[in-house]
Structure formats: structure tokens, C-alpha cells
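The block underneath contains the structure these notes are about, expressed in C-alpha cells.
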Amino acid sequence: VMQFQVPQFIDVEDKIIGPMTLKQFLFIAGAGALSFMTFFAFAFWLWIVVTVLAGIVAVTLAFVRFNGRPMIVMLGAMFKYLWKPKLYLWRHSVDQKSLFSGIKIEKLPASSAKTAGTNPLKKLFLRLNTSKEAVAGREKASPVVTQLAIKNKMHGSGGEVATKSVF
1 VMQFQVPQFI DVEDKIIGPM TLKQFLFIAG AGALSFMTFF AFAFWLWIVV TVLAGIVAVT
61 LAFVRFNGRP MIVMLGAMFK YLWKPKLYLW RHSVDQKSLF SGIKIEKLPA SSAKTAGTNP
121 LKKLFLRLNT SKEAVAGREK ASPVVTQLAI KNKMHGSGGE VATKSVF
């Protein structure tokens with residue numbers, strides 16, 4: 001039998017750049033690049049604010065996990081929820097009258113309508129469940145073997161097995 005190594009921890013990403021995964025490194029590097037570009041474009045106090053905010057967002061996206069899922073997945077789910085419509089209306093385009101126009105409904109006379117008490121299936125069900133005697137034509141009483149017949153059979157007396165009906 002050939003042996004194969006079974007991969008384990010397949011949900012853990014590989015650490016490629018130091019102690020970080022490639023995705024984590026790209027979040028941090030993106031914040032660093034944004035900080036570098038804003039250093040030359042904004043005043044010093046505004047650069048500090050943008051750098052701190054970008055750093056907080058990058059660290060949050062790179063390292064914070066919510067319910068075992070990365071924060072970027074949670075943000076994607078949040079934006080998907082916010083942008084998709086929440087009210088679903090059913091706009092039926094088929095006319096109801098044309099849908100049922102080919103069907104003819106026949107009315108039964110009142111005398112042939114079955115009432116709940118005269119249903120033959122319910123009567124049979126009630127009779128089978130409550131009676132102690134066999135229903136004629138449907139089932140037969142099962143024979144019950146007596147203790148004497150069992151003893152005779154065990155000891156090999158060769159006698160006929162005596163049966164009696166319980167019902």
C-alpha cells in the first residue's frame with residue numbers, strides 16, 4: 001500500500017515575507033506607499049493624520065480577524081449588504097384569468113357529496129383499530145400455539161401441534 005502525506009492546516013496561509021503573509025504585507029506596504037506620497041503633497045499636520053488613519057486601516061485589514069474571518073472579507077460582506085436591495089417585490093406579469101381560462105369546474109350534486117362521518121375509509125380504519133374480531137374477507141385470525149404443543153414439539157412426540165384461535 002502506497003503511503004501519502006496528508007496536508008494539514010490548509011486554512012493557514014504561508015508566511016512569505018518574514019512573519020507576514022503576502023496579503024498582510026501588501027496591506028502594510030500600501031499604507032506605507034500612501035504615506036510616502038502624501039508626505040510631499042500635504043502639509044505636515046495633514047500628512048500625520050492621513051498616515052495614522054492609513055496605518056490603522058492597514059493594520060486592521062492585515063491582522064484583525066472577526067469570527068475567524070479576515071476583516072477584508074467582513075468589509076466585503078458589509079458593502080454587499082449595504083448596496084444590494086433589501087426589499088424584494090414580486091411583480092407577476094401573467095394575467096390570472098388567462099392562466100385558468102382552459103380549466104372547467106364541474107359542480108357535483110349535493111347528494112353525492114361525502115360527509116366526514118360517512119367516509120368508508122375512515123369507517124374501515126376505525127373498525128380495524130377498535131374491533132377485537134377479524135374483519136370478514138380481509139384478514140383471518142392468527143392461530144396461537146399452546147404451551148402443550150410447544151412441549152410436544154420439543155420432545156419429539158410426533159403429535160400434531162394444537163392451535164386455538166384467540167379471536
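Start counting the sequence shown at 1; every next residue gets the next number (full-length UniProt numbering). The beta carbon of each residue, even a glycine, is placed where N, CA and C say it ideally should be. These numbers come from a predicted model, not from an experiment.
Please say whether Val57 and Ala29 have beta carbons closer to each other than 9 Å? Cβ distance not < 9 Å, so Ala29 and Val57 don't count as in contact.
Do Thr38 and Trp47 count as a contact pair if the criterion is CB distance below 9 Å? In this structure, Trp47 lies near Thr38, with their beta-carbon atoms less than 9 Å apart.
Could you compute how far the alpha carbon of Gly55 sits from the alpha carbon of Gln8? Cα-Cα distance, rounded: 33 Å.
Going by C-alpha to C-alpha distance, which of Ala62, Lys80 and Tyr81 sits closest to Ile72? Nearest neighbour of Ile72 by Cα position, chosen from Ala62, Lys80 and Tyr81, turns out to be Ala62.
Contact check, Lys23 vs Pro70, beta carbons under 9 Å: Yes, the pair counts as a contact, with Cβ atoms nearer than the cut-off.
Under three-state DSSP, which class holds Phe66? Strand.
Could you give the DSSP three-state label for Ile56: helix, strand or coil? The DSSP-derived three-state label of Ile56 is helix.
Own chain partners of Val64 with C-beta closer than 7 Å, once the 5 adjacent residues on each side are dropped: Once the five neighbours on either side are set aside, the close Cβ partners of Val64 are Met71.
Measuring straight from C-alpha to C-alpha, what distance separates Val1 and Met78? Answer to the nearest angstrom: the Cα atoms are 50 Å apart.
Would you mind stating whether Ile17 and Phe27 have Cβ atoms separated by less than 9 Å? Taking 9 Å as the Cβ cut-off, Ile17 and Phe27 do not qualify as a contacting pair.
I need the straight-line Cα distance from Val50 to Leu89, nearest angstrom please. Approximately 43 Å, taken between the alpha carbons.
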